[in-house]
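Just remember that our numbering sits 42 ahead of the position in the sequence shown, which is counted from 1.
We put the CB at the ideal spot given by N, CA and C, even for glycine.
These notes are about the structure you will find just below.
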Amino acid sequence: VSLEIDLSTIKQAIEFLPSVNGRFDRVECDKDFAVVVDYAHTDDALAKVLETARQVATGRVICLFGCGGDRDRAKRPLMGKAAAEGSDLVIITSDNPRSEDPEQISLDAEMGLKELGTPYFKITDRREAINFAINQAKSGDLVVLAGKGHENYQILKDKKIHFDDKEVALEALN
Numbered sequence: 043v044s045l046e047i048d049l050s051t052i053k054q055a056i057e058f059l060p061s062v063n064g065r066f067d068r069v070e071c072d073k074d075f076a077v078v079v080d081y082a083h084t085d086d087a088l089a090k091v092l093e094t095a096r097q098v099a100t101g102r103v104i105c106l107f108g109c110g111g112d113r114d115r116a117k118r119p120l121m122g123k124a125a126a127e128g129s130d131l132v133i134i135t136s137d138n139p140r141s142e143d144p145e146q147i148s149l150d151a152e153m154g155l156k157e158l159g160t161p162y163f164k165i166t167d168r169r170e171a172i173n174f175a176i177n178q179a180k181s182g183d184l185v186v187l188a189g190k191g192h193e194n195y196q197i198l199k200d201k202k203i204h205f206d207d208k209e210v211a212l213e214a215l216n
């Protein structure tokens, strides 16, 4: 703007910029709803991505998220609260549970959303959860797969296995 470039020209140029891998990263599909993958793994980041999703979606916002194991337990209920406040439907799942019990991690996250009244499901297996989230989507909805973003692995106990939210979403969409 200070270079006296017309705003419409700036807008057109921005549309051609590549997206940041794992940040509101759209999964290409021919459906009448959208799916995005985002690295949001704090309550603040999740709240912001869901706020953006709300501005973009013409239908519901469906949020899938999990919390990492062997990490800050205090943020889990905050993540649940952010998901419930910013979504119409929440799916709690696993996200690198490491040495912790994924069920306990989900229970911790659930504490933050239980009382807010947003419908939610707990599906520990992330692949099943992604399939479920996508199968819930209707015209105009936006499915947000949060927490993994650019990561292409899942840490289960002492194993690091290949897992890519975008790949799994594409499988579910086809």
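Leaving aside the five residues that flank Q178 on each side, the residues in its chain whose CB is nearer than 7 angstroms to its CB run, in chain order, I104 and L131. S136 is the residue among S50, S136 and L215 whose C-alpha sits nearest the C-alpha of K199. Taking A116 as the centre and dropping the five residues before and after it, the same chain places no C-beta closer than 8 angstroms to its C-beta. Only buried fits Y81, as 16 or more other CB atoms lie within 10 angstroms of its CB. The segment 111-128 and the segment 145-163 touch, with no fewer than 3 CB-CB distances between them shorter than 8 angstroms. K180 and R102 have their C-alpha atoms spaced approximately 8 angstroms apart.
Scanning the segment 93-143 from its first residue to its last, the whole beta strand (DSSP E) runs of 3-plus residues come out as 103-107 and 131-134. Secondary structure note for K164: its beta strand (DSSP E) is the uninterrupted segment Y162 to K164. In this structure, the beta-carbon distance from G111 to S148 does not fall below 8 angstroms.
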